[in-house]
Amino acid sequence: MSSYNSVLSFQEGLPDGFMMRPFSESDVLQNTVEQLLRKLQETRDGSQWIILVALTSATVERLADTETPMEGLTYRVQWDGSAALIKVVAGHTHLMVTDELTRAIENRISVMHNPPIHKWNGHAAYRPTTTNGKQPDQSFLPLSRWSTTSQAWGFPTLVVETGVPQSLLRLRANAKWWFANTNGEVRIVLIVIVSRAGFRIEKWQLAPPGLARPLSEGDIHALRQQNPPIPPLFEQPAAVQQAYAAQEIEVTEEKIVGGPLVIPFVALFGQFPNPGQQDIVLGSEGFRFGG
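The numbers in this note's numbering rise by one with no breaks, and the one at position 31 of the sequence shown is 194.
Okay, here's the thing in structure tokens:
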């Protein structure tokens, strides 16, 4: 993809107030990130996004390193050629909510009979091609995805993307990026929106092939009635994919609407459950996190 087209794709779903600038020096970028973070911490909403252009391949590699080159600041990066999209992590609460969701899922796995071998891979970058890639906020790898010939890890089955309320549309675009750039090998993307009132979780996945394009509200309703809706367990090229939100859950101190969150075992591990193994179900007791 050309740099111009990359920038256009990065702008999809971005809120007002995103920044775009050529990369100059890392200390200048750090100052920009600090400025954005201060605004986010004051309002707990707004833009957490910076588009960088005119990057060298060496700069991209530094940005994609899991050991952040900006002291005391946390971000996630997506890149395509010489352009990159930076998401500034909006403070400790966002890290905590992501970590606690991870822990809640892990707790359900740990009590299974002979839980399958797996790994949480954090925000390590995934590279569909030699010129593009992305960091999630968290990702899950069953044993079958632990190595490929093209990168140190295969693609995850589950990805978590966390952000502020104004980032929702962009995070939905991110979910579609994961599906499109892995040919559907990413089975589920959990979008987590953190706000003053609580948090929202959207569980995105691909619809099975053969449905009308675009998906109608009736199609989505019918898919959501399945118990649970299971994403296709095979590769789908981007051109035929249709992503949808299989669940939307609102969590506040007073109530939970739309739960429980259900993650199909077969989608997570790439195998059907044995006796004593089951789908991951997070009900009210599983959402006691977020602070």
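For every residue, glycine included, the Cβ atom is placed at its ideal position computed from N, Cα and C.
Every value quoted in this text rests on a predicted model; they were computed, and no experiment measured them.
With a CB to CB cut of under 7 Å and the five nearest residues on each side skipped, what residues in its chain are close to residue i?
{"i": "Ala343", "result": "Ala401 and Gln404"}
{"i": "Arg157", "result": "Past the boundaries of the shown model lies residue 157; the chain is included only from 164 to 454, so the question cannot be answered."}
{"i": "Gln399", "result": "Asn346, Gly347, Leu369 and Pro372"}
Would you kindly check if the distance between the Cβ of residue j and the Cβ of residue i is under 8 Å?
{"i": "Leu445", "j": "Ala267", "result": "yes"}
{"i": "Ala247", "j": "Leu215", "result": "yes"}
{"i": "Gln198", "j": "Ser330", "result": "no"}
{"i": "Gly209", "j": "Gly180", "result": "yes"}
{"i": "Val357", "j": "Thr256", "result": "yes"}
{"i": "Leu203", "j": "Val327", "result": "yes"}
{"i": "Ser169", "j": "Gly244", "result": "yes"}
{"i": "Pro319", "j": "Asn284", "result": "yes"}
{"i": "Trp367", "j": "Ala338", "result": "yes"}
{"i": "Ala288", "j": "Ala227", "result": "yes"}
{"i": "Asn437", "j": "Asn270", "result": "no"}
Alpha carbons only, please: which of the options is nearest the one belonging to residue i?
{"i": "Pro391", "options": "Ala409, Ile383, Thr206 and Phe397", "result": "Ala409"}
{"i": "Leu321", "options": "Gln301, Lys339 and Leu331", "result": "Gln301"}
{"i": "Phe303", "options": "His276, Arg350, Leu369 and Met182", "result": "Arg350"}
{"i": "Pro291", "options": "Trp242, Met275, Trp309 and Ala375", "result": "Trp242"}
{"i": "Pro394", "options": "Ile412, Pro371, Ala375 and Val414", "result": "Pro371"}
{"i": "Gly433", "options": "Asn194, Phe186, His281 and Leu192", "result": "His281"}
{"i": "Arg363", "options": "Asp382, Val251, Leu192 and Glu324", "result": "Glu324"}
Is DSSP giving residue i helix, strand or coil here?
{"i": "Ile443", "result": "strand"}
{"i": "Trp340", "result": "helix"}
{"i": "Leu332", "result": "helix"}
{"i": "Ile213", "result": "strand"}
{"i": "Arg456", "result": "Nothing in the structure corresponds to residue 456, since the chain is present only between 164 and 454."}
{"i": "Ala247", "result": "strand"}
{"i": "Leu258", "result": "helix"}
So, for residue i: in the same chain, excluding its five sequence neighbours on each side, which residues have a beta-carbon less than 6 Å away from its beta-carbon?
{"i": "Ile249", "result": "Ile213, Tyr238 and Val240"}
{"i": "Met183", "result": "Ile214"}
{"i": "Asp442", "result": "Val425, Pro427 and Phe428"}
{"i": "Pro178", "result": "Ser210 and Gln329"}
The ligand MN and residue i: does any heavy atom of the ligand fall closer than 7 Å to the residue's C-beta?
{"i": "Gln434", "result": "Absent from the structure shown: the ligand MN. Ligands present: none."}
Does the stretch 256–267 come close enough to the stretch 412–421 to have 3 or more Cβ pairs within less than 8 Å? no
Just checking, does the stretch 379–387 make contact with the stretch 289–299 on the three C-beta pairs under 8 Å criterion? No: fewer than three Cβ pairs fall under 8 Å.
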